[in-house]
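Each remark here refers to the structure printed beneath this line.
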Amino acid sequence: MDEGKRELVGTIWKSTGSWYEVQTPDGIVLSKMRGRFRLTHQRETNPIAVGDVVTLQMVGDGTGVITGLHERRNKLVRRAAGRRVGFEHVLVANVDFAWIVQSVLMPKLNPGFIDRFLVMAEVYEIPAGLIVNKTDLLDKIIREAVEHWCKLYEKIGYPVLRTSALSGDGVDELRSGLVDQITVLAGPSGVGKSSLLNRVEPSLSLRTGDVSEKTKKGTHVTTNAAFYRLTDGGVVIDTPGLREFGIIDLDPAQLSHYFVEFVPFLNDCKYPNCTHDHEPECAVVDAVDRGEITEERWASYLNILQSLRMGDKDVGR
Ligand code: GDP
Ligand code: ZN
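My numbering puts the sequence shown at residues 1044 to 1360.
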């Protein structure tokens, strides 16, 4: 058989500079991308991302050349760094689920981050949920505050996991949710993502650390995502770049569609272009008054609306 013509289909596992590790039925094949990709995907700084399904041709030395990119089910992107306005950096493609990871303390729960991330997940049609980690640190007072937020998101319909990487609480539940799918863990540094992954899969031995130490080191972190394969048959993607993401190209007028609990009311506002801000006879505001939409989520909506209007797309901090 002519090795030079053999084609394989695989998933991008890792990207390191100009080389890609592609998971194929024959195992991992180190591959390069064919030059024309750079020309055909001009709005993306990285035409091929972790999670992409590609076709490659084997060359004689056992490496591959990527010749085709399969259509993406979905993707997570962030605005490319630097001055290249309008360019996007694809963090991962073909994601089955995204967990937003927060901790109860150190750092404390950040609903602003959660809501911005949920909007992003809705925009890209990625099912999402919330992990609240470090439950071992809860005392009575914080517990009530944290439960308030957990119940709020559960009521909207997002799954919420309460975990402790320290005590192991909720870790079995997390592990069983990761089986046989591509999951993204997103959250600020220090919430315990690495610790949780180590609990789920001790062989990963990821470095965990002091929050301040990590923040210092994090200044120049790479935005490349890393894939971790689990023994139970799932893949977890840890994406440092998701600490600060932008809601790219979102028209402020569309924002309310991505607050899922607002959707049933959107057709009942008096004005079809209602922004649910100051307009009279707004069905969203009426729903807030009746307690069917929470004040918290409405305030969060207005906050994001404002930042989109100001053209400030660097959000989520
Ligand atoms: P990451 O930056 O999100 O990957 O966070 P790490 O896993 O590195 O954890 C940051 C810090 O929080 C470390 O000092 C961990 O030991 C600590 N930590 C992680 N999970 C827990 C937890 O469930 N409870 C407590 N008390 N500390 C935790
Ligand atoms: Zn309205």
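Don't be surprised by glycine CBs; every beta carbon is placed ideally from N, CA and C.
Since we're looking at a predicted model, the values are computed, not measured.
Which residue or residues does DSSP assign as beta-bridge partners of residue i?
i, result
"Phe-1270", "Ile-1280"
"Ile-1071", "Gln-1066"
"Gln-1145", "Val-1175"
"Ser-1207", "Answer is none; Ser-1207 lacks a bridge partner."
"Phe-1305", "According to DSSP, which records beta bridges pairwise, Phe-1305 is partnered with nothing at all."
"Phe-1156", "DSSP lists no partner for Phe-1156."
"Val-1020", "The first residue shown for the chain is 1044 and the last is 1360, placing residue 1020 beyond what the model contains."
"Gln-1297", "DSSP lists no partner for Gln-1297."
"Met-1076", "Ile-1109"
"Leu-1119", "Val-1135"
Short check: CB of residue i to CB of residue j, under 7 Å?
i, j, result
"Ser-1343", "Asp-1158", "yes"
"Val-1147", "Lys-1177", "yes"
"Glu-1005", "Leu-1204", "Residue 1005 lies beyond the residue range present for the chain, which begins at 1044 and ends at 1360; the question has no answer from this structure."
"Ala-1229", "Ile-1347", "no"
"Val-1135", "Leu-1112", "no"
"Leu-1221", "Leu-1273", "yes"
"Tyr-1301", "Val-1175", "no"
"Val-1227", "Ala-1141", "yes"
Quick check on DSSP: helix, strand or coil for residue i?
i, result
"His-1132", "strand"
"Val-1438", "No answer is possible for residue 1438: it lies beyond the span of the chain, which begins at 1044 and ends at 1360."
"Lys-1057", "strand"
"Glu-1050", "strand"
"Met-1353", "coil"
"Ala-1092", "coil"
"Ile-1169", "coil"
"Val-1097", "strand"
"Val-1234", "coil"
"Arg-1250", "coil"
"Tyr-1344", "helix"
"Tyr-1201", "coil"
"Lys-1194", "helix"
"Val-1189", "helix"
"Leu-1336", "Reading off the sequence, residue 1336 comes out as Ile, not Leu. Coil."
"Leu-1180", "helix"
"Val-1102", "coil"
"Thr-1262", "Unreliable positioning characterises Thr-1262 in this predicted model, as indicated by a pLDDT of 42, which lies under 50. The coordinate reading is nonetheless provided below. Here Thr-1262 sits in helix by DSSP."
"Asn-1241", "helix"
"Asn-1316", "coil"
"Asp-1275", "coil"
Excluding the five sequence neighbours on either side, which residues of its own chain have a C-beta within less than 7 Å of the C-beta of residue i, listed in chain order?
i, result
"Arg-1116", "Asn-1137"
"Leu-1345", "Asp-1320"
"Ser-1238", "Ala-1208, Thr-1251"
"His-1263", "In this predicted model, His-1263 has a pLDDT of only 42, less than 50, meaning its place in the structure is not dependable; the value taken from the coordinates is given anyway. So the list is empty, once near-sequence residues are dropped."
"Lys-1257", "Annotation note: pLDDT 46 at Lys-1257 (below 50); position unreliable, coordinate value reported separately. Result list for Lys-1257: Ser-1232, Gly-1233, in chain order."
"Pro-1154", "Trp-1192, Glu-1339, Ser-1343"
"Ile-1225", "Gly-1094, Asn-1137, Val-1138, Asp-1139, Val-1278, Ile-1280"
"Ile-1055", "Tyr-1063, Val-1065, Ile-1091, Ala-1092, Val-1093, Gly-1094, Asp-1095, Val-1097"
"Asp-1294", "none"
"Lys-1259", "Model confidence at Lys-1259 stands at a pLDDT of 47, short of 50, so the residue's coordinates are unreliable and nothing is read from them."
"Phe-1270", "Trp-1056, Lys-1057, Val-1093, Val-1278, Ile-1280"
"Thr-1110", "Arg-1077, Thr-1098, Leu-1099, Gln-1100"
"Leu-1181", "Val-1147, Val-1189"
Keeping to the same chain, check which residues put their C-beta closer than 6 Å to that of residue i; ignore five residues upstream and five downstream.
i, result
"Thr-1067", "Leu-1051, Gly-1053"
"Ala-1326", "Phe-1308, Asp-1311, Cys-1312"
"Phe-1305", "Ser-1299, Val-1327"
"Tyr-1314", "Glu-1322"
"Gly-1276", "Val-1222, Asp-1223"
"Trp-1341", "Val-1331"
"Gly-1261", "With a pLDDT of 45 at Gly-1261, under the threshold of 50, the modelled position of this residue cannot be trusted; read the value that follows with caution. Closer than 6 Å at the Cβ level, and outside the excluded window around Gly-1261, lie Ser-1232."
Residues in its own chain within less than 8 Å of residue i by CB, not counting five upstream and five downstream?
i, result
"Asp-1179", "Ser-1207, Leu-1209, Ser-1210, Asp-1212"
"Leu-1298", "Val-1162, Tyr-1344, Ile-1347, Leu-1348, Leu-1351"
"Pro-1150", "Pro-1231, Gly-1233, Val-1234, Val-1254"
"Tyr-1201", "Leu-1161, Ala-1171, Gly-1172, Leu-1173"
"Trp-1062", "Leu-1073, Ser-1074, Lys-1075"
"Asn-1018", "A query on residue 1018 cannot be resolved here, the shown segment of the chain reaching from 1044 to 1360 and no further."
"Ile-1199", "Val-1303, Glu-1304, Arg-1340"
"Ile-1022", "The structure shown does not extend to residue 1022, since the chain is modelled only from 1044 through 1360, so no value can be given for it."
Using a Cβ-Cβ distance cut-off of 7 Å, determine whether residue i contacts chain D.
i, result
"Leu-1217", "Annotation note: the requested chain D is absent from the structure, which comprises a single protein chain."
Going along the chain, which residues put their C-beta within less than 5 Å of some heavy atom in ligand 2?
With the cut-off at 5 Å, the residues found are Cys-1312, Cys-1317, His-1319, Cys-1325, Val-1327.
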